[in-house]
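The numbering of the sequence shown is this note's numbering, which starts it at 4 and goes up by one.
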Amino acid sequence: MMTSAYVSMTAATVPAAVPPKTAQARARARRGLVQKLGFGALGLCMAANIVFLGAILFFIAAKGLGAINWEFLTQVPRDSMTAGGVAPAILGTFYLTLGAILFSLPLGVACAVYLTEYSPKGWIVNVLRISINNLAGVPSVVFGLFGLTVFVKYMGFGVSIIAGSLTLGILALPVIISASQEALTAVPQSIREASLALGATQWETIRRVVLPAALPGILTGVILSVGRVAGETAPILFTAAAFYVKGYPDSPFSEVMALPYHIYALMTEGTHPEEQTRIAYASSLLLLGLVLSVSMLAIYIRQRQRKTYHA
4 MMTSAYVSMT AATVPAAVPP KTAQARARAR RGLVQKLGFG ALGLCMAANI VFLGAILFFI
64 AAKGLGAINW EFLTQVPRDS MTAGGVAPAI LGTFYLTLGA ILFSLPLGVA CAVYLTEYSP
124 KGWIVNVLRI SINNLAGVPS VVFGLFGLTV FVKYMGFGVS IIAGSLTLGI LALPVIISAS
184 QEALTAVPQS IREASLALGA TQWETIRRVV LPAALPGILT GVILSVGRVA GETAPILFTA
244 AAFYVKGYPD SPFSEVMALP YHIYALMTEG THPEEQTRIA YASSLLLLGL VLSVSMLAIY
304 IRQRQRKTYH A
């Protein structure tokens with residue numbers, strides 16, 4: 004009897020083992036709590052970004068919306084940059100951006116195709132990828148100094164559209180290469196194998212199968228690059244932009260006005276601060292609207308890309 008009582012007392016003092024189902028439920032509850040906290044933190048970050056973006060838009064719109072009209076969009080500056088419009092700056096920004104994309108798009112896609120489809124796996128490819136990533140982190144003013152040394156002086160282009168476009172094109176290269184690589188990698192390998200099995204060569208497979216399937220992702224990188232190069236000031240400060248140019252550019256070797264530099268010049272070099280500040284804010288609102296429109300277009304293309312791959 005003493006033995007039975009001792010066993011009963013011992014059993015009463017030793018805690019019962021936690022059932023497996025209870026442990027799993029606690030683990031699920033813990034993971035659910037961590038997930039909710041993570042989504043809450045992401046939501047707060049998104050809300051903070053929206054608040055800051057809204058504050059910037061409201062501030063610039065309050066300062067410059069009243070100056071935007073048809074004359075502002077279609078006329079040239081007049082009266083020491085205190086009247087008229089910014090049509091030459093809009094056109095110059097278009098020329099510089101178009102030239103940059105025409106230069107960087109073929110080169111960037113070709114580099115991405117080589118790295119994804121042709122390059123042997125080894126340390127050389129890793130060095131190239133690290134170099135591309137490092138190039139994406141170089142400050143834009145360094146690209147401006149490079150363009151000044153190589154394109155303006157060494158190649159003799161002078162301060163011109165072509166020098167600025169080439170400089171901005173090099174600035175856009177890392178984004179286009181990275182986006183193109185991701186888009187090409189996302190194309191299923193089975194599609195390549197099916198094309199090769201039907202007798203197509205590797206280049207025919209890339210040109211007719213892989214590149215069309217990766218085109219939405221490539222275009223997304225291109226549009227994001229457009230949004231970046233359109234708003235850069237430092238690269239064109241040394242290579243393309245002028246404070247004031249009479250009329251419109253008539254050749255690739257002409258100086259141009261551009262919205263980013265126009266804003267900078269009005270706020271730092273103007274002789275009529277009250278009128279020119281109002282024009283600078285209006286130009287900022289116009290440039291911001293253009294960049295945001297390009298970004299919205301990139302989001303739309305990205306959504307279409309996802310639907311294509313999920314279909």
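Ideal placement from N, C-alpha and C gives every residue a C-beta, glycine not left out.
- prompt: So what's GLY87 in DSSP terms, helix, strand or just coil?
  reply: Strand.
- prompt: Residue ranges of each alpha helix (DSSP H) run of no fewer than 4 residues wholly in the stretch 94-152, ordered along the chain?
  reply: Counting whole runs of 4 or more residues, the stretch 94-152 contains the alpha helix (DSSP H) stretches 126-139, 143-150.
message: Which complete beta strand (DSSP E) runs does the stretch 261-303 hold, if anything under 3 residues is left out?
response: Listed in chain order, there is nothing to give.
For VAL259, three-class secondary structure by DSSP: The answer is strand: DSSP assigns VAL259 an E or B state.
field: C-alpha gap between GLN27 and PHE42, whole angstroms
entry: Cα to Cα, GLN27 sits roughly 22 angstroms from PHE42.
query: Which word fits GLY230, buried or exposed, when buried means at least 16 other C-beta atoms lie within 10 angstroms of its C-beta?
result: Burial call: buried.
message: Quick check on DSSP: helix, strand or coil for THR217?
response: Residue identity check: residue 217 is Ala in the sequence provided, not Thr. In this structure, DSSP gives ALA217 a helical state, which the three-state scheme calls helix.
- prompt: Where does PHE175 fall in DSSP's three states?
  reply: Going by the sequence as given, residue 175 is Ala instead of Phe. The answer is helix: DSSP assigns ALA175 an H, G or I state.
query: Bridge partners of PRO80, per DSSP?
result: Note: PRO80 sits in a beta bridge opposite GLY87.
- prompt: So what does ALA244 bridge to, in DSSP terms?
  reply: DSSP output for ALA244 lists VAL259 as bridge partner(s).
- prompt: Which of the three DSSP states, helix, strand or coil, is assigned to GLN306?
  reply: Under the three-state reduction of DSSP output, GLN306 falls in the helix class.
- request: Could you check what DSSP says for THR236 in three-state terms: helix, strand or coil?
  value: For THR236, the three-state secondary structure derived from DSSP is coil.
query: Roughly how many angstroms lie between the CA atoms of MET158 and PHE149, to the nearest whole one?
result: The C-alpha of PHE149 is placed about 12 angstroms away from the C-alpha of MET158.
query: Looking at C-beta atoms only, is the number of pairs between the stretch 81-99 and the stretch 249-267 that lie closer than 8 angstroms three or more?
result: Result yes; three or more Cβ-Cβ pairs closer than 8 angstroms.
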